[in-house]
Structures are given as structure tokens and as C-alpha cells.
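Enquirer: Counted the way this note's numbering counts, the sequence shown spans residues 5 to 124. Positions of the beta carbon are idealized from the N, C-alpha and C atoms, including for glycine. Below is a structure I'd like to ask you about.
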Amino acid sequence: MCAHFAAATPCDERERESIEQFLVIAPTLEAPFDEYVNNTHITGSAIVVGKRGVVLHLHKRLNIWLQPGGHIEQGETPADGALREAREETGLDVRHPDNGPILVHLDVHPGRRRVCSSAL
Numbered sequence: 005m006c007a008h009f010a011a012a013t014p015c016d017e018r019e020r021e022s023i024e025q026f027l028v029i030a031p032t033l034e035a036p037f038d039e040y041v042n043n044t045h046i047t048g049s050a051i052v053v054g055k056r057g058v059v060l061h062l063h064k065r066l067n068i069w070l071q072p073g074g075h076i077e078q079g080e081t082p083a084d085g086a087l088r089e090a091r092e093e094t095g096l097d098v099r100h101p102d103n104g105p106i107l108v109h110l111d112v113h114p115g116r117r118r119v120c121s122s123a124l
């Protein structure tokens, strides 16, 4: 996973810093996707695009419109988790593009615990 993010081209300075932070933090995490094991964990989100536009959902706690996403379950990859979350949160039968999931953005931000988030 780190090699995938290390090869990413950042879209701006904030994403460049997030990629650098991710590459330092991720290898140190005992259970990188478990929100309870470490103060920092990795989540995944999906950009859902169709003929009628982009799908967003209202985040319950933050009260803002965001792309669907959330915590990654045991045995999932970030791409698997993003797809599952998109299906759960939108009710749509979504799928990855035919050529596979595409990393669109990486962000490291504070939350209740520190979060490394990837949008696929």
C-alpha cells in the first residue's frame, strides 16, 4: 500500500504533505484499518460518478456533504472498503471502473483520532 501512495502525484502542497505523513505513519501502525487499536487509522472513500452527476451524502456528525466512505473492515483493502461504504451509504449498486480503482486523493487529517483517508 505504501508503494502505491509513494508513486502518487500530489495535486497540491497539502496532498504532498499528507503523502509524506502517510508514508511515515502507516508502516508504524499495528492494525492500520482498526480505529480502536491505534490513535491513527486508515479509511477509504469513493467518488461516485454517473450520468446524472456526482453523488454526495450528508455526514451525520460533521453535518457537511461528503463523498461516501468510512472505516475499513477486517480483511478489506481501502478500495474494498470504499466500495462497500459507497453501497451502504447511497443504496446504489456501484462498482469500480473497468480498469480498477483509481487513487484520486490522499489526506491526513485530525479527527476523534488521527485519520489517513484515501479517495478511490
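Secondary structure at ASP111, three-state DSSP: helix, strand or coil?
Expert: Of the three classes helix, strand and coil, the one that applies to ASP111 here is strand, per DSSP.
Enquirer: Using CA atoms only, rank isn't needed, just tell me which of MET5, ASP38, VAL41 and VAL59 is closest to HIS27.
Expert: The amino acid occupying residue 27 in the given sequence is Leu; His does not appear at that position. Of the candidates MET5, ASP38, VAL41 and VAL59, the one whose C-alpha sits nearest the C-alpha of LEU27 is MET5.
Enquirer: With a Cβ-Cβ cutoff of 8 Å, do VAL58 and LEU96 count as a contact?
Expert: Result no, Cβ atoms of VAL58 and LEU96 do not sit closer than 8 Å.
Enquirer: Could you tell me the distance, in whole angstroms, from the CA atom of VAL112 to the CA atom of LYS55?
Expert: Cα to Cα, the separation comes out at about 31 Å.
Enquirer: For the alpha helix (DSSP H) that contains ILE46, what are its first and last residues?
Expert: Where ILE46 is concerned, there is no enclosing alpha helix (DSSP H), although the beta strand (DSSP E) it sits in stretches over 44–49.
Enquirer: Given a threshold of 16 other Cβ atoms within 10 Å of its Cβ, counted over all protein chains shown, does LEU62 qualify as buried or as exposed?
Expert: Its Cβ having fewer than 16 others within 10 Å, LEU62 is exposed.
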